[in-house]
Amino acid sequence: MDYKRSTRVAELLREVISEIIATQLKDPAIGRITITRVKLSDDLKNARIYFSVLGDAQQRRNTAEGLKRAARFIRAETARKINLRHAPDLQFLYDDTLDYVENIENLIKKIHENEPPAE
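Start counting the sequence shown at -17; every next residue gets the next number (the numbering used here).
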């Protein structure tokens, strides 16, 4: 099965960026986050890094701001660890997939609360 180069590089970026955030960032605003996916343009110049974080909306905002401040450092470290001609520009975005799933589960529970118990 053939994969585009951008897909392979995106997976490598996800691993490297996760490692950099876990081991090298000292910003207290950045809590325990998970890099959920990376979307890389076909020309490898722009990367959207999606992350999730445990906590409330304020914690998400703090983490997003901390990642924005650290983006240049993360880009430089990524360029050092991955042999690419040009390091992609990094844009960090909150991945709201888990919030969406939780919302759907709550709606399903509400629907089933009104049903009589099965015998």
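Built from N, CA and C at the ideal position, the CB exists for glycine as well.
Strictly by DSSP, which residues pair up with residue i?
i   : result
D71 : N28
Y76 : F33
Quick test of your reading: residue i and residue j, contact by CB under 8 Å. State the CB separation rounded to the nearest angstrom.
i     : j   : result
A(-8) : V20 : 4 Å
Q73   : I31 : 7 Å
L26   : L66 : 7 Å
Can you say whether residue i is buried or exposed, counting buried as having 16 or more other CB atoms within 10 angstroms of its CB?
i     : result
P70   : buried
V83   : exposed
A29   : buried
G48   : buried
L(-5) : buried
T79   : exposed
R42   : buried
L36   : exposed
E59   : buried
I12   : buried
L22   : buried
Please state whether DSSP places residue i in a helix, a strand or coil.
i      : result
S0     : helix
R14    : coil
K21    : strand
K8     : coil
M(-17) : Residue placement at M(-17) cannot be trusted, given a pLDDT of 46 that sits under 50; what the coordinates show is reported in the next sentence. Coil at M(-17), not helix or strand.
E97    : coil
R38    : The sequence shown places Asp at residue 38, rather than the Arg named in the question. Coil.
N44    : helix
Could you tell me whether the region 0 to 9 touches the region 51 to 69, where touching means 3 or more Cβ pairs closer than 8 Å? yes
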